[in-house]
Amino acid sequence: DILRDFDVISCDAQTALESGLSNVFFPHGLGHYLGLQVHDIGGRQIDEDGNTLSPPELHPFLRLTRTLQENNVLTIEPGIYFIDMLLDEAKAKGLGKYINWSRVEDFKPYGGIRIEDNIVVKKNKSVNLTR
Numbered sequence: 005d006i007l008r009d010f011d012v013i014s015c016d017a018q019t020a021l022e023s024g025l026s027n028v029f030f031p032h033g034l035g036h037y038l039g040l041q042v043h044d045i046g047g048r049q050i051d052e053d054g055n056t057l058s059p060p061e062l063h064p065f066l067r068l069t070r071t072l073q074e075n076n077v078l079t080i081e082p083g084i085y086f087i088d089m090l091l092d093e094a095k096a097k098g099l100g101k102y103i104n105w106s107r108v109e110d111f112k113p114y115g116g117i118r119i120e121d122n123i124v125v126k127k128n129k130s131v132n133l134t135r
């Protein structure tokens, strides 16, 4: 919705998601567990036996596919990027019809931005540790 609100794309969010257009501007996962490692392990593990749940085909960069539990600590990292290679691929795949190219040119000099918040999951809310 934000891409449309800022006139970067002309289609609705569902079309952007299903067509892969959202991946052009957001080519990474949304977050990951925090722990002993920066990108802590276990984000795809769904049980104590070590079985895993792979990310959806359209979102292979997701590092966290398991069900969240109280007191899990993770990052939330929304971002938007304007990467020539990905924009060229979108054009080649026929997705260029949804892109406002003049608006993209306005933002390309900045490259992109990503915000990272560290969150603790609680029973009925989350606690943002970075704000």
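So for the sequence shown, my numbering puts the first residue at 5; every next one is plus one.
Even for Gly, the Cβ is constructed at its ideal location relative to N, Cα and C.
Where does R67 land, buried or exposed, given buried means 16+ other C-beta within 10 angstroms? buried
By a C-beta neighbour count over all protein chains shown, 10 Å radius and 16 as the cutoff for buried, is I103 buried or exposed? So I103 ends up on the buried side.
Proximity to N128 [Cα-Cα], best of C15, Q73, F111, F30: Q73
Could you please give me the residues that DSSP links to D4 through a beta bridge? What the structure shows of the chain is the stretch from 5 to 135, and residue 4 is not part of that stretch, so it cannot be assessed.
Where does I103 sit, in a helix, a strand or coil, going by DSSP? strand
Figure out for me which residue from I6, V12, D5 has the closest Cα to the Cα of D110. Considering only alpha carbons, the answer is V12.
Using the rule of at least 16 other Cβ atoms within 10 Å of the residue's Cβ for burial, across every protein chain shown, is V28 buried or exposed? buried
Using CA atoms only, rank isn't needed, just tell me which of I123, G24, G47, Q18 is closest to E81. I123
DSSP-derived helix/strand/coil call for S26: helix
Between the C-alpha atoms of G98 and R8, what's the straight-line distance to the nearest angstrom? 18 Å
From the DSSP output, in three-state form, read off I6 for me. helix
Using a Cβ distance threshold of 8 Å, determine whether the segment 85 to 98 contacts the segment 57 to 65, with at least three qualifying pairs required. no
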